[in-house]
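These notes concern the structure reproduced below.
Chains as they are written, first to last, in our numbering: chain L, 8 to 504; chain H, 8 to 504.
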């Protein structure tokens, strides 16, 4: 048996370890189509759970789902200048609508379109076109829409889940009567993402605002959640944009206000994608593979019957089936605990066990003839690799609590890691030392400008991940480490995905 | 108040009535992008319910969801000859991946691809490529996958939900060890579709097999469900294909069999789409608009507070809130009854009521001061437009049963309509008379060939919708009305969407 499930280890080669976890946990694979991935059932089940939970949160906050076209006429994209600049460099363009055989019998594109269509990289412009039709009066507002969809950005350097040419996401798009309401919406949805990341993914995040350099093309404000991965780099895990009247003007979303006058609306948009799965992997997995937080696991318990002699077979199988039936009756997080018996007889127990360890199932239980005789179960708790034995009754009674405990352990471990790798930095010298060392999150007072950000990016490949949210007026003043100016503004710097 | 909600009526102009129902029920709209629709929240909520139910059925029958690339390299599509022929005439082709300003500052496509990419019209070929990697031994089989996705077919004549350039669907793709298992799978999933159509959509369907003329390009057998719309035309509402080894050969899906030898696998595929919403509309709606079957409704009850005097306002509002709270506690079809109070004060009661009638909510209840005094509710049952009054207790107690009853009435009404418009035809003369008259389903013995089908299509615009499933050997012999030959085979002919 191998010493650990994944080669190389995190320390040896983090990027390669990441690819191997995905492969060994059977989450996804590259396809022949440049940068497009295949999400395999074990990976897609995580996405389905993410969808179910986020969708419930969106509906609870008054949003409705709808669906808009995959294709955007070029002129729509052009209508917001910053926006088109941000997306023109990497997009898939449909130019023809028929295949025709040429003289050599080879199929080539035919029937060219008069106006090329862009496969949506994001839908502000195409949804804005509908909103302009839907909104007439202040009484029609707010409009609170979400869409689950695929989007395409023709990325040059791709990595499974983190950066792919096609990815799955949700994009919220809302229209409001006032600037304050649109901003409040953007903040409310960021809080939704925070809650989801921390309470469901067990992934601690920082909330803040992007600087102009990292802002969404066309936005007035881009809010974000940022999570620290185990290589101390930061992952932007969700963004929420206050768009001001920029897109309302380019899409002509106007309404008659309370004063009887025509005016432009205020909009927001917010999104989270299959990238979250990449974040989940890099936050929790270890050198033995994936570790799933129970609230996002589709299977919580896998039962492995251990049968060495044919004579024990039926007794052990029956015992496993009984345990399964009992586990299914336990509720955790408002749904029945997911349980599976791996009955494949052509594989030996060790091989099967390692498969499930690498797939990150929270609890793996092995059942042999001795367990049956003693009415007990041998349990492997994946997140700590601890082994323990309980009577069946204790196991069943304790199961919900054990899953809650695992969820907590995972959050706390990630939280501790972030804390250990976050440093308050008070001088430029310290800043340089930090990033010439092993790095992490450097928190500094910052009153500088884009030129400083660009210089730091060039020198150390670090950027401001966010300006921390400043919810009170009591934030202390401090000295910007670059300009020496006094400021309340705190920036978090890090390398990032 | 208008006499009916929709103009024109079904009898006056069925196609235009259909468009108006969609508009007035606020289900969907055309976009600026040729043939692509916007599915609005009220329409998308129906799709979400369809997804939830079908997805549950697929999982119960052992299928898992996954996700495959949107783009198909041209060479994949070409690998199955019939298949590419079937889809080459109408597809969206991506040829470039960047926008660049030309001399006049106009953005034009740049960075041409070496090999064009086809936006998937269906995914047999791209999923086959993954299956070829996943399958090694008979022990890996069956592979039972489903995908929820958007697909694109560049249709020339489009109609909301029924035929759009982009549509949403699910596509099942499975791989099996033997021909018999793949065929059994195709039949099992057809039965899934039948159950969904009849028990959830309240839409009776015929099950059968397509003739070669109407078969899916590349399939060996195409099974289908067909439903009669209120204009007596038939709608193909779901298809399930036995693909033989055709796609296994073109995608090279091979495995080592029990005999130790390499062999090609057997595959199936099956799909149902947002077209089902078109079927739902044309099966059940009337001249007052949409009628939703309770099992697919997101809102089952809408409460309209009727307030003529300010002094009654708070009492009526409180009473409505109490009723809503009670309704929410009622379970129907394993979920809480959906209820909404339409509290918009700037619209009068009649306008609001007609909005909900046109949107097809099963039960609309109006609550005025008199209802409050008498502790009663005035109910409008949308599917029959009957009005009745009950005490609140009776209403709540009866609610689940009433929704079950509505679901049954809707199915029976559609079933009776189909029966009345289906005729057993025993001669060519009768056949001609039937289709020169008002038409419907003509059931005939049929032992003819494609030439006869093409002639009938030319003369009467009718096709064989399906050869009825023949499950027993006791089916009687009869005479083909075109060839005079004896046969057991019964064909259903109709005009179709």
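Yeah, the Cβ is synthetic: ideal placement off N, Cα and C, and Gly gets one too. All of these numbers come straight from a predicted model, not from anything done at the bench.
DSSP three-state assignment for residue i, whether helix, strand or coil
i, result
"residue 245 of chain H", "strand"
"residue 257 of chain H", "helix"
"residue 161 of chain L", "coil"
"residue 496 of chain H", "coil"
"residue 502 of chain L", "coil"
"residue 206 of chain L", "helix"
"residue 60 of chain L", "helix"
"residue 376 of chain H", "helix"
"residue 177 of chain H", "strand"
"residue 351 of chain L", "coil"
"residue 172 of chain H", "coil"
"residue 215 of chain H", "strand"
"residue 8 of chain L", "Per-residue confidence for residue 8 of chain L stands at a pLDDT of 47, beneath the threshold of 50, marking its modelled position as unreliable; the derived number appears in the next sentence. Looking at residue 8 of chain L - three-state DSSP - the assignment turns out to be coil, as it is neither helix nor strand."
"residue 184 of chain L", "coil"
"residue 167 of chain L", "coil"
"residue 224 of chain L", "coil"
"residue 234 of chain L", "strand"
Distance, residue j Cα to residue i Cα
i, j, result
"residue 56 of chain H", "residue 281 of chain H", "12 Å"
"residue 51 of chain L", "residue 303 of chain L", "11 Å"
"residue 266 of chain H", "residue 331 of chain L", "35 Å"
"residue 341 of chain L", "residue 151 of chain L", "27 Å"
"residue 482 of chain L", "residue 203 of chain L", "27 Å"
"residue 325 of chain H", "residue 404 of chain H", "20 Å"
"residue 270 of chain H", "residue 256 of chain H", "10 Å"
"residue 377 of chain L", "residue 365 of chain L", "26 Å"
"residue 505 of chain L", "residue 91 of chain H", "Residue 505 of chain L lies beyond the residue range present for chain L, which begins at 8 and ends at 504; the question has no answer from this structure."
"residue 13 of chain L", "residue 240 of chain L", "21 Å"
"residue 169 of chain L", "residue 163 of chain H", "38 Å"
"residue 23 of chain L", "residue 299 of chain H", "52 Å"
"residue 283 of chain H", "residue 49 of chain H", "15 Å"
"residue 181 of chain H", "residue 357 of chain L", "29 Å"
"residue 8 of chain L", "residue 317 of chain L", "Residue placement at residue 8 of chain L cannot be trusted, given a pLDDT of 47 that sits under 50; what the coordinates show is reported in the next sentence. So the two alpha carbons sit approximately 24 Å from each other."
"residue 120 of chain H", "residue 222 of chain L", "30 Å"
"residue 184 of chain L", "residue 418 of chain H", "44 Å"
"residue 244 of chain L", "residue 19 of chain H", "55 Å"
"residue 398 of chain H", "residue 306 of chain H", "21 Å"
Beta-carbon contacts of residue i that lie in its chain and below 7 Å, excluding the five residues immediately before and after
i, result
"residue 75 of chain L", "130, 133, 134, 137, 154"
"residue 25 of chain L", "288, 289"
"residue 475 of chain L", "213, 215, 497, 499"
"residue 32 of chain H", "49, 296, 297, 365, 366, 367"
Within-9 Å CB hit, residue i to chain A
i, result
"residue 78 of chain H", "Although the question refers to chain A, the structure presented lacks it and instead comprises the protein chains L and H."
Cβ separation of residue i and residue j, assumed to be a contact under 8 Å, to the nearest whole Å
i, j, result
"residue 209 of chain L", "residue 414 of chain L", "6 Å"
"residue 172 of chain H", "residue 42 of chain H", "3 Å"
"residue 100 of chain H", "residue 125 of chain H", "6 Å"
"residue 123 of chain H", "residue 102 of chain H", "5 Å"
"residue 499 of chain H", "residue 439 of chain H", "Between residue 439 of chain H and residue 499 of chain H the Cβ distance is about 17 Å, and since that is not below 8 Å, they are no contact."
"residue 435 of chain H", "residue 471 of chain H", "Their Cβ separation, rounded to whole angstroms, is 15 Å, which puts residue 435 of chain H and residue 471 of chain H out of contact at 8 Å."
"residue 190 of chain L", "residue 54 of chain L", "Going by Cβ atoms, the distance from residue 190 of chain L to residue 54 of chain L rounds to 30 Å, so no, they are not a contact pair."
"residue 425 of chain H", "residue 211 of chain H", "6 Å"
Beta-carbon proximity list for residue i, same chain, < 6 Å, skipping 5 on both sides
i, result
"residue 277 of chain H", "179, 196, 247"
"residue 322 of chain L", "379"
"residue 468 of chain L", "502"
"residue 285 of chain H", "168, 169"
"residue 396 of chain L", "383, 385"
"residue 494 of chain H", "452, 454, 487"
Residues of its chain near residue i, where Cβ-Cβ distance is below 8 Å and the 5 sequence neighbours each way are ignored
i, result
"residue 461 of chain L", "220"
"residue 193 of chain H", "228, 230, 247, 248, 249, 275, 277"
"residue 114 of chain L", "106, 107, 108"
"residue 407 of chain H", "337, 338, 339, 344"
Segments assigned beta strand (DSSP E), at least 3 residues, entirely inside the segment 259 to 334 of chain H: 261 to 263, 269 to 271, 273 to 280, 308 to 312
Start-end ranges of the beta strand (DSSP E) lying completely within the segment 72 to 135 of chain L, minimum 3 residues: 78 to 80, 100 to 108, 114 to 126
Alpha helix (DSSP H) runs contained entirely in the segment 398 to 478 of chain H, provided each spans 4 or more residues: 399 to 427, 435 to 443, 457 to 467
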